[in-house]
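Take a look at the structure set out below.
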Amino acid sequence: MIDQATIDRIMDAAQIVDVVSEFVTLRRRGVNYIGLCPFHNEKTPSFSVSPSKGVCKCFSCGKGGNVVHFIMEHEQLSYYEALKWLAKKYNIEIKERELTEEEKQAHNLRESLFVVNQFACDYFQDILYNHIDGQRIGMTYLRGRGFRDDIIKKFQLGYSTDSPDGLAQTALQKGYQEEFLVKTGLCYKKDNGSLHDRFWGRVIFPVHTLSGKVVAFGGRVLSAATKNVQMKYVNSPESEIYHKSRELYGIFFAKQSIVRQDRCFLVEGYTDVISMHQSGIENVVASSGTALTSEQIRLIHRFTNNITVLYDGDGAGIKASIRGIDMLLEEGINVKVCLLPDGDDPDSFARKHNATEYQAYINGHEVDFIRFKTNLLMEEAGKDPIKRAELISGIVKSISVIPDSIVRSVYIRECSQLLQMEEKVLVAATAKLIGQAKENKFKEEERKKQREQRAASASMPPQTPDTANIPLPPVPERGNPPSESAATEDIPSDIYATLIPAEGNEKKVFYAKEEDLVRMLIRYGEKVMCYIESENGEEAPLTVTEYVARSLKEDDLQFHAPLHRLILKEAEEHLHDNGFIAEHHFINHPDPSVSRLAANLASDRYQLSKYHSKGQKIIPDEERLYELIPRLVIDFKLSIVEEEMKQTLRTLTNPEIINDPQQYTLIMQRYKELQETQSAMARKAGDRVVNAS
């Protein structure tokens, strides 16, 4: 476990803009920063980062939180693993106790697989540098490809000997479990039950995640070391931590350069990436021979809107990759294509030229994809009218997926000249495809809804009245309202007598009102909202926290959600601590569920009111607490009492309750008390009586 003092040091050191910028391209907007959300597919930035509050939030998918939550969500880490990640980034030493055997056994499976992969990466590097075969075969091959030692080390390249179980035996001797060696794909079991290395006799290329963790490996066979092996490259199979459709080789080493250059070069293989890095071009990634996927495209789109695809000089495989480029266009990315000289691929061309020469060639020969595709297919179609018709259909299809209407119009005009066709024909064809795409999307969404409804109906058991099995909670006694100086500490935060179901209330009116109040507690809990007369006749300040707590106590009410009750209780307990600021306290709370909720509710996008004075000046909530908080409190109290009355009436229809006179009488008494409470509160609110029936 990490002690709280160390956690505080980590939270103080971690700058959310600095951390998020490693994964998302941010641009300033006022006092905050915005970028494309890394957690879902979007084309318009809705991911906001607030450096002053230390929080981030996507206002489309809702994900976000403080800097720890961001790392937890993005890297799929536990709370303490995310803290370790940040501590390592900011060079903060962590001292923690040794885990027990039981805790080690319960260690996260994903983390275990990453640990095994890192061991394998270190093992392969050790073989490359310190084993005779590694030096004689592996290093000779890599240097023969022209790779410098610093580049070999940077990409953590390695070598596996021709021993079929060298890695497996070493790993088992060091205590690594056979289960994880198999689940990572480093080894596989033969028919006789023995472990066999997947990458034996190969030079090794580790694949890194966006944050630098080793997630998979690629291995290239060396004919001098391995005989009778047909596959030139072998890659890690899919696992709990590796999905090849979501990874791009070299993204960890390229992301900062992509942001600086505002452009990404897309190539095919490992050596293409490495050679271009060595030549001085670092903003390059590889799809590793697989068809480009939407996940990979979104990964690039986080850092730039501009991609240049580099093709081999002979143009082989270009047609097969056109579908992937159409997907790039659909994401709103500006796509250009550069064809290298005949006989060259990105790897060989990089070994012949330095960065300046390479960049100059690309700048002089790259063309936008639509023009490239048009010229390519026109050359193939020649004068054949059928092929030309197919060509036009293919071009129009590519144009139709571009989301920006202005860009589409520019391409249509240019293609009409290249294809010698009337522009209006292309406009009509494009509009037809766009309409079909929208219709297909709508139909698919409708089919999805119907499938979900059928599945929900099939899974629901036959229903009796929804209150049939609800146990009757103890009915709290209601006393006289306390004086202004009465303490609220006697309200237990973990006991709450209610007939409202524990779950499924997020869409209820009272829950929204309750959340509004908690938001104000987090943002302004320590702020003074008004002054009251104390027992000695002097004016005393009353904070937002004190007002909310006392107001709820008046009517024996509490927040419904346990997490909300906990926040109110802690706000009361720490209110008079030196330097207590509610927002800072809860956003940096050691309980991840509390800190995540606080970060979401503290977001600037949530403005409870937009109040204008006569001069049309916007008055912020903080300057109106004296009128805003009482209104929110009474709205919440009325709404939760109304919900309690509804649930009480439902309970009275339960046959078991009807047949139990004692229970029925108790619940009827509860309902009458709720009516009295509602009437009293309604009078305070200006006689806004709510009908509970």
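Numbering (the numbering used here) for the sequence shown: 88 to 780. By construction, the Cβ of each residue, glycine as well, lies at the ideal position given by its N, Cα and C atoms.
Per the DSSP secondary-structure output, Gly253 pairs with nothing in a beta bridge. Here the alpha carbon of Glu626 sits roughly 12 Å from the alpha carbon of Val615. Phe292 places its beta carbon 8 Å or farther from that of Ala258. Between Ile94 and Pro649 a beta carbon distance of about 23 Å is seen, past the 8 Å cut, so the two are scored as non-contacting. Distance from the Cα of Arg347 is smallest, within the candidate group Ile499, Phe242, Asp237 and Thr391, for Thr391.
Taken in chain order, the complete alpha helix (DSSP H) segments of 4 or more residues contained in the segment 202 to 238 are 227 to 231. Contact annotation: Gly305 and Tyr329 have beta-carbon atoms that are not nearer than 8 Å. Taking C-beta separations shorter than 8 Å and ignoring five residues to either side along the sequence, the partners of Leu719 in its chain run Lys600, Asp603, Leu604, Met607 and Leu695, following chain order. Relative to the Cα of His127, the nearest Cα in the group Gly225, Lys276, Tyr120 and Arg389 belongs to Arg389.
When secondary structure is reduced to three states using DSSP, Glu626 falls in the strand class. Here Lys439 is actually not in contact with Thr395; their C-beta atoms are around 19 Å apart, not less than 8 Å. The residues Ile97, Ala100 and Ala101, in chain order, have a CB closer than 8 Å to that of Tyr177 in the same chain once the five nearest residues on each side in sequence are set aside.
Residue environment: Glu657 is assigned as buried (16 or more neighbouring CB atoms within 10 Å of its CB, all protein chains considered). The C-beta distance from Asn370 to Arg350 rounds to 6 Å, short enough to meet the 8 Å contact threshold. A straight line joining the alpha-carbon of Trp287 with that of Ser250 spans about 6 Å.
Excluding its 5 nearest sequence neighbours in each direction, Gln383 has C-beta neighbours in its own chain below 8 Å: Ser332, Arg333, Glu334, Leu335 and Ser374, listed in chain order. Lys300 sits in coil when the DSSP states are folded into three classes, being neither helix nor strand. By the neighbour-count criterion, in which a residue is buried when 16 or more other Cβ atoms sit within 10 angstroms of its Cβ, Arg235 is exposed.
Cβ contact annotation for Arg232 (same chain, cutoff 7 Å, sequence separation greater than five): Thr358, in chain order. DSSP, read as helix, strand or coil, puts Thr395 in strand. The distance from the Cβ of Gly367 to that of Ser326 is about 35 Å, inconsistent with a contact at the 8 Å cut-off.
Distance between Leu297 and Glu620, taken at the CA atoms: about 59 Å. Closest in C-alpha terms to Met755, from the list Phe157, Pro742, Thr735 and Arg770, comes Thr735.
Taking 8 Å as the cut-off, the beta carbon of Ile103 is found no closer than this to the beta carbon of Leu113.
Ranked by how close their Cα comes to the Cα of Ile361, the residues Asp237, Arg610, Thr443 and Val202 have Asp237 in first place.
With contacts defined by Cβ atoms closer than 8 Å, Val106 and Ile158 form a contacting pair. Cβ contact annotation for Phe201 (same chain, cutoff 8 Å, sequence separation greater than five): Lys300, Val301, Val302 and Ile328, in chain order. Rounded to whole angstroms, Gln507 and Ile479 show a C-alpha spacing of 11 Å. Per DSSP, reduced to three states, the secondary structure at Gly612 is coil, with no helix or strand assignment. The shortest CA-to-CA distance from Ile521 to any of Ala442, Arg500, Ser503 and Asp491 is the one to Asp491. Here Arg96 carries a helix assignment [DSSP, helix/strand/coil].
Between Leu282 and Glu266, the gap from beta carbon to beta carbon reaches 8 Å or more. Burial is judged here by how many other beta carbons sit within 10 angstroms of a residue's own beta carbon; Gln765 has at least 16 and is buried. The Cβ atoms of Ala341 and Val294 lie no closer than 8 Å to each other. Here Phe597 is actually not in contact with Glu510; their C-beta atoms are around 59 Å apart, not less than 8 Å.
Under the three-state reduction of DSSP output, Tyr246 falls in the strand class.
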